[in-house]
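S.K.: Going down the list, the protein sequences come from chains A and B.
Residue 587 in the working numbering is what sits at position 76 of the first sequence, and the numbering runs on without skipping anything.
Residue 454 in the working numbering is what sits at position 101 of the second sequence, and the numbering runs on without skipping anything.
Virtual Cβ for every residue (Gly too), placed ideally from N, Cα, C.
Structure in structure tokens, see below.
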Amino acid sequence: MLDVRNVTKTFPVKGGMFSSSKKGVVHAVDNVSFQVEKGETFGLVGESGCGKSTLSRTLLQLIPPDSGEIYMDGKNLVDMPKKELRRQREQMRMVFQKPFYSLNPRRTVREIISAPMMIHRHYTKREMQAEVERLMDLVGLSRSYIDRYPHEFSGGQRQRIGIARALCLKPKLIICDEPVSALDVSIQAQILNLLKDLQKKFDLTYIFISHNLSVVKHMSDHIAVMYLGSLVEVAPGAELYQKARHPYTQALLSAIPDPGAKKKDRIILTGDIPSPVNPPKGCRFCTRCAYATDRCRQERPELKEMGDGSKVACFLYDKGGENA
Amino acid sequence: MSEPLLSVENLTMVFENRHQTFPAVDNLSFSVKSGQTLGIVGESGSGKTMASLSVMKLLPNQGRVSGGKVMFEGRDLVPLPEKEIQKIRGKEISMIFQDPMMSLDHVYTVGYQIVETLLIHEKMSREAATEKALQLLEAVGIPHPKRVFRCYPFELSGGMCQRVMIAIALSCNPKLLFADEPTTALDVTVQAQILDLLRQVRDRYQMGIVLITHDLGVVSDIADRVIVLYAGKSMEDAPTDIIMNRPAHPYTMGLMKSAPRLEQQVDRLYCIEGMVPDIRDMPKGCRFCTRCPLADDRCRAEEPDMVEIQPGHFVRCHKPAVEEGKG
């Protein structure tokens with residue numbers, strides 16, 4: 512349904528306010544390709560600064576990519592005329608991270624949820640009212656809240672408003688950018704269940720972005736792990752957890768403290784993510800990787816099919832063998 | 354060693370305006386020994402931060418400790434005047450905060466901020482303090498201490514800033530460290546680094562740590578004992594592995610079940626319906642009765658007491674799950 516091919520996005524870094532010289536470029540998204548099937552949830556995990564939000568915004572053409580193609584239902588969204596793109600965007604919606612900032616504080620719930628209808632189609636007032644009420648029922652908000660403002664709601668309720676707005680106009684694809692990271696665990700569970708229910712009901716496709724691997728694993732059919740702008744591993748959810756192949760995925764999995772689980776030996780990564788302005792030559796992960804060789808420092812590994820539905824970008828698996 | 358380093362008894366902390374008082378922390382008791390880590394877990398609004406600020410006497414203006422004792426090495430901190438507290442705070446008891454970027458001062462270098470703490474609390478020349486600061490930076494695992502010493506906080510990453518915060522907190526060899534959500538703003542791999550560092554310094558200096566967090570995973574990783582707070586009251590208080598494997602309070606069980614886990618795949622997550630009650634409108638009876646699946650008339654009318662259901666395992670519930678925690 513969604514086919515992303517070699518998408519790259521860089522941002523120039525200027526020397527300073529008064530200098531016109533370019534200092535460098537930030538490689539926010541670097542040659543990323545993946546496919547999303549209809550009705551599935553595609554999870555995207557990575558630490559802060561790895562480019563997952565930039566990637567999600569390029570999918571919607573909110574940030575146009577430098578190069579690459581994005582096909583939605585066979586139509587390339589890149590370089591699509593604006594009018595057509597706008598129609599296409601009815602199908603692709605977004606739920607944002609911070610429910611506190613993504614809702615206009617001066618609009619009522621009614622105005623927020625119905626805004627997409629005002630923009631995209633001509634509805635009568637009565638139709639709009641009925642639609643907003645239907646959506647509020649769907650996401651579990653009381654109809655009596657229709658004329659309230661966002662500040663009157665708790666974080667979880669605000670996220671429900673955001674979801675209702677995304678559902679308006681019956682989209683096919685919803686991009687959830689860290690939808691639960693600002694919420695408490697008990698509220699997080701409510702929202703995750705809601706998203707799953709809605710998916711079943713309307714046969715929605717999700718792209719689910721989070722830094723929390725347990726949440727992504729709970730939600731997703733396929734998971735892509737992103738590091739410094741590139742995908743390092745793409746695999747079915749259960750597969751990824753049981754046999755994480757890329758050293759970064761292994762470290763990421765072992766870093767998660769899991770309540771109730773037996774104490775395990777941690778792989779503790781040293782250092783921070785390198786700056787995306789000067790990413791390391793060769794494999795992006797080589798500076799923190801325990802298995803890095805000279806080849807890793809010189810050459811970039813590509814995402815390679817492993818034969819069981821997973822793809823890994825790592826020289827350790829070059830011969831298809833099970834090293835590491 | 355068996356004497357607790359810090360023991361808080363029946364601490365009550367209230368917010369008040371001209372007309373009313375609202376208890377944010379209600380009758381909380383806990384104690385920490387040297388070399389031990391106590392985890393305080395709760396959702397937002399459960400009063401966990403206010404509890405720690407009460408101990409440090411850093412409460413906001415509208416807040417006040419209205420009852421209870423905070424015994425630190427045999428001295429009650431509650432009635433102490435600000436001047437005396439200042440001698441203890443930062444020296445004997447230190448604190449690290451949630452957002453490392455925000456809690457460092459942006460206009461001073463990292464080095465200056467560490468040296469400042471040393472000069473206030475220890476009799477030491479500036480040169481000696483600088484030397485000590487460099488040692489501290491090295492001790493918390495910062496790669497180039499000399500370079501970082503001259504950096505401003507905005508030049509460092511979140512993980513680095515948290516290391517600097519820990520260096521400042523450790524500068525006067527405190528006996529007790531309050532860590533308020535020390536890893537919440539950090540990525541998982543960096544979080545693992547910081548937790549590892551905290552464990553190291555705890556063991557090296559035999560410090561007591563009070564770790565405040567909403568993340569049960571973090572607590573299971575580092576704490577010896579856990580207190581679960583809900584709406585200002587402790588709900589359950591037990592050694593970590595009991596809380597993790599055999600919780601007895603329905604709230605603790607709900608929390609454990611509602612977090613997605615890596616090993617198991619469930620179709621639907623268990624969820625605790627509803628929201629934390631408003632501080633101005635607490636339910637009568639048990640605080641959790643509005644969201645509890647087991648609540649009955651007694652729970653709604655009568656507040657349960659903290660009961661020791663097993664040695665060392667305290668629960669505030671009329672219907673605690675005994676035996677294997679299945680309820």
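Using a Cβ-Cβ distance under 8 Å, would P791 (chain A) count as near chain B?
M.R.: It does not: the Cβ of P791 (chain A) has no partner Cβ on chain B nearer than 8 Å.
S.K.: I need the straight-line Cα distance from A801 (chain A) to P758 (chain A), nearest angstrom please.
M.R.: Taking the straight line joining both Cα atoms gives about 8 Å.
S.K.: Can you check whether the C-beta of L780 (chain A) is within less than 8 Å of a C-beta belonging to chain B?
M.R.: Yes, L780 (chain A) counts as interfacial toward chain B.
S.K.: Measuring only the C-alpha atoms, how far is A404 (chain B) from L381 (chain B)?
M.R.: The straight-line gap from Cα to Cα measures roughly 8 Å.
S.K.: Can you look up F375 (chain B) in the DSSP assignment and give me helix, strand or coil?
M.R.: Note: F375 (chain B) maps to strand in three-state DSSP.
S.K.: Excluding the 5 residues preceding and the 5 following G782 (chain A) in the sequence, name in chain order all residues of the same chain whose CB lies nearer than 8 Å to its CB.
M.R.: Correct list, in chain order: T798 and R799.
S.K.: Candidates A:T804, A:A749 and A:D805: which alpha carbon is nearest G820 (chain A)'s?
M.R.: If we check each option's Cα against that of G820 (chain A), A:A749 comes out closest.
S.K.: Give the secondary structure of V460 (chain B) by DSSP, where H, G and I count as helix, E and B as strand, and everything else as coil.
M.R.: In the structure shown, V460 (chain B) sits in coil (DSSP, three-state: anything other than H, G, I, E or B).
S.K.: Under 8 Å between beta-carbons, which chain B residues line up against H722 (chain A)? List them in chain order, please.
M.R.: Simply D540 and V541.
S.K.: Name the two residues that bound the continuous beta strand (DSSP E) containing A803 (chain A).
M.R.: No beta strand (DSSP E) contains A803 (chain A), which DSSP labels as neither H nor E.
S.K.: Report yes if the CB atom of F553 (chain A) is closer than 8 Å to the CB atom of I718 (chain A), and no otherwise.
M.R.: Yes; because the gap between Cβ atoms is below 8 Å, this pair is in contact.
S.K.: Please decide whether K679 (chain B) counts as near chain A, where near means a Cβ-Cβ distance under 8 Å.
M.R.: In this prediction, K679 (chain B) has a pLDDT of 41, which is less than 50 and means its spatial position is unreliable; what the coordinates show is noted afterwards. False, the Cβ-Cβ gap to chain A never drops below 8 Å.
S.K.: Helix, strand or coil for V543 (chain B) per DSSP?
M.R.: Three-state DSSP puts V543 (chain B) in a helix.
S.K.: Scan the stretch 606-638 of chain A for residues whose Cβ lies nearer than 9 Å to a Cβ of chain C and list them as they occur along the chain.
M.R.: Any reference to chain C falls outside this structure, whose protein chains are A and B.
S.K.: Just the C-alpha distance for L530 (chain B) and D540 (chain B), rounded to the nearest angstrom, thanks.
M.R.: Roughly 22 Å between the two C-alpha positions.
S.K.: Using the C-alpha atoms, what's the distance from Q761 (chain A) back to A755 (chain A)?
M.R.: Whole-angstrom Cα-Cα distance: 6 Å.
S.K.: How about V408 (chain B) and K422 (chain B): do their beta carbons lie closer than 8 Å?
M.R.: Their beta carbons are not under 8 Å apart, which means V408 (chain B) does not touch K422 (chain B) by this criterion.
S.K.: What does the alpha-carbon distance come out to for the pair E689 (chain A) and A538 (chain B)?
M.R.: Each residue's alpha carbon lies about 14 Å from the other.
S.K.: Which runs of the beta strand (DSSP E), 3 residues or longer, sit entirely within the stretch 555-621 of chain A?
M.R.: DSSP runs (the beta strand (DSSP E)) wholly in the stretch 555-621 of chain A: 578-583 and 603-606.
S.K.: Are any of the Cβ atoms in chain B nearer than 8 Å to that of Y802 (chain A)?
M.R.: It does not: the Cβ of Y802 (chain A) has no partner Cβ on chain B nearer than 8 Å.
S.K.: Run through the DSSP bridge pairs and tell me what S447 (chain B) is partnered with.
M.R.: Looking at the DSSP assignment, S447 (chain B) forms a beta bridge with B:L530.
S.K.: Could you give the distance in angstroms between the alpha-carbon of H474 (chain B) and the alpha-carbon of K444 (chain B)?
M.R.: Whole-angstrom Cα-Cα distance: 6 Å.
S.K.: In angstroms, rounded to a whole number, what distance separates the CA positions of I686 (chain A) and Q599 (chain A)?
M.R.: Rounded to whole angstroms, I686 (chain A) to Q599 (chain A) spans 14 Å at the Cα level.
S.K.: With distance defined between alpha-carbon atoms, name the residue in A:T569, A:G651 and A:M628 nearest to L640 (chain A).
M.R.: Leu is not the amino acid found at residue 640 (chain A); the sequence shown has Gln there. With distances taken between Cα atoms, Q640 (chain A) lies closest to A:M628.
S.K.: Determine the chain A residues that contact R621 (chain B) at a beta-carbon separation under 8 Å, and present them in chain order.
M.R.: N704 and K707, listed in chain order.
S.K.: Grab me the residues of E642 (chain A)'s own chain with a C-beta within less than 6 Å of its C-beta, minus the 5 sequence neighbours each way, in chain order.
M.R.: Same-chain partners within the cutoff: there are none.
S.K.: Does the beta carbon of R614 (chain B) come closer than 8 Å to any beta carbon on chain A?
M.R.: Chain A, which has a Cβ nearer than 8 Å to the Cβ of R614 (chain B), makes this yes.
S.K.: Examine chain A for any beta-carbon lying closer than 8 Å to the beta-carbon of V571 (chain B), and answer yes or no.
M.R.: Yes, contact with chain A.
S.K.: Assess contact between the stretch 672-686 of chain A and the stretch 613-632 of chain A, defined as three or more Cβ pairs (one per stretch) separated by less than 8 Å. Is contact present?
M.R.: Yes, the stretch 672-686 of chain A is in contact with the stretch 613-632 of chain A.
S.K.: Using alpha carbons as the reference points, say which of B:D590, B:V571 and B:T593 lies closest to P768 (chain A).
M.R.: Closest by alpha carbon: B:V571.
S.K.: Do you know offhand how far C504 (chain B)'s Cα is from T462 (chain B)'s?
M.R.: Whole-angstrom Cα-Cα distance: 5 Å.
S.K.: Express the C-alpha separation of L614 (chain A) and R777 (chain A) in angstroms, rounding to a whole number.
M.R.: Roughly 40 Å separates the two Cα atoms.
S.K.: Measuring alpha carbon to alpha carbon, tell me which residue in B:S510, B:Y465, B:M588 and B:Y558 is nearest K499 (chain B).
M.R.: Nearest option by C-alpha distance: B:Y465.
S.K.: If you follow the alpha helix (DSSP H) that G667 (chain A) is in, where does it begin and where does it stop?
M.R.: Note, G667 (chain A): alpha helix (DSSP H), G666 to L678.
S.K.: Within 8 Å of any Cβ in chain A, is that where the Cβ of E534 (chain B) sits?
M.R.: Output row for E534 (chain B): interface = no.
S.K.: Tell me the rounded alpha-carbon separation between F368 (chain B) and N414 (chain B).
M.R.: If I take the Cα positions, the gap works out to 9 Å.
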